[in-house]
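Student: Right, I'll just put the structure down here and ask away after.
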């Protein structure tokens, strides 16, 4: 299902399609597909011509694609951020445990490639199979919302531009909130 829609600075719509592990960009004016990012993109006739090759410039030992992802956003340089829920990671990589992370990609449509620039994973390898979101902050940091799972509650993390945790709030409850927003309440 489509679980995220984001309009980037070029007026393209970026869609996250969780159940098929795919993110796509559509031109809002022409309604044509720009590109598709997925480890499954070559499996579908309709997406083969738009598939971007992924180049892992980050950590060669880490699986570079996302699995069961949720919302997508871009920064001022049009780098793409995807919250990778990490569902069934053990089926696709050598890693034995599932964990969620925020992936940062640079898209180059001229050469039909995307480059994995970074991967933020909480030090405790928090795993949230169902929902999350990430908000990019003006200082270069991130506000990351984890719904750990239906029974363990919620988790909010704020990082600085170097991915250091500067705020962390966790609540054990049966709440399953879907997203967090950042509101400036300067008085």
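In the working numbering, the protein residues as written are 3 to 189. Just so it is clear, CB atoms sit at the ideal spot from N, CA and C, and this is done for glycine as well. If you're wondering where the values come from, they're calculated on a predicted model, not measured in any experiment.
Does the structure place the segment 73-85 close enough to the segment 48-63 that three or more beta carbon pairs sit under 8 Å?
Tutor: no
Student: What is the rounded straight-line gap between the Cα of residue 152 and the Cα of residue 87?
Tutor: Bear in mind that the predicted position of residue 152 carries a pLDDT of just 46, short of 50, making it unreliable; the figure below should be weighed with that in mind. Distance between the alpha carbons of residue 152 and residue 87: 14 Å.
Student: Tell me which residues share the same chain as residue 12 and place their Cβ nearer than 6 Å to its Cβ, disregarding the 5 neighbours each side in the sequence.
Tutor: none
Student: According to DSSP, is residue 31 helix, strand or coil?
Tutor: coil
Student: What residue range is occupied by the uninterrupted beta strand (DSSP E) comprising residue 167?
Tutor: 167-173
Student: Tell me which residues share the same chain as residue 138 and place their Cβ nearer than 7 Å to its Cβ, disregarding the 5 neighbours each side in the sequence.
Tutor: Around residue 138: 75, 77, 83 and 144.
Student: With a threshold of 16 other CB atoms inside 10 Å of the CB of residue 142, please say whether the residue is buried or exposed.
Tutor: exposed
Student: Tell me residue 84's beta-bridge partners as DSSP assigns them.
Tutor: 74 and 105
Student: Measure the C-alpha to C-alpha separation of residue 25 and residue 148 and round it to an integer number of angstroms.
Tutor: 20 Å
Student: Please go through the same chain and pick out, in chain order, the residues whose beta-carbon is closer than 6 Å to the beta-carbon of residue 108, but skip the five residues on each side of it.
Tutor: 81, 117 and 119
Student: What do you reckon, are the CB atoms on residue 5 and residue 30 nearer than 8 Å?
Tutor: no
Student: From the DSSP output, read off the bridge partner residues of residue 117.
Tutor: 57 and 108
Student: When the distance is taken between beta carbons, is residue 37 closer than 8 Å to residue 48?
Tutor: no
Student: Please work out which residues of its chain come closer than 8 Å, Cβ to Cβ, to residue 50, disregarding the five sequence neighbours upstream and downstream, and give them in chain order.
Tutor: 43 and 44
Student: Name the two residues that bound the continuous beta strand (DSSP E) containing residue 18.
Tutor: 14-19
Student: I need the straight-line Cα distance from residue 20 to residue 10, nearest angstrom please.
Tutor: 19 Å
Student: When DSSP builds the beta bridges, which residues end up paired with residue 123?
Tutor: 103
Student: Can you have a look at residue 126 and say buried or exposed, based on whether 16 or more other CB atoms are within 10 angstroms of its CB?
Tutor: By the neighbour-count criterion, in which 16 or more other beta carbons inside 10 Å mark a residue as buried, residue 126 falls on the exposed side.
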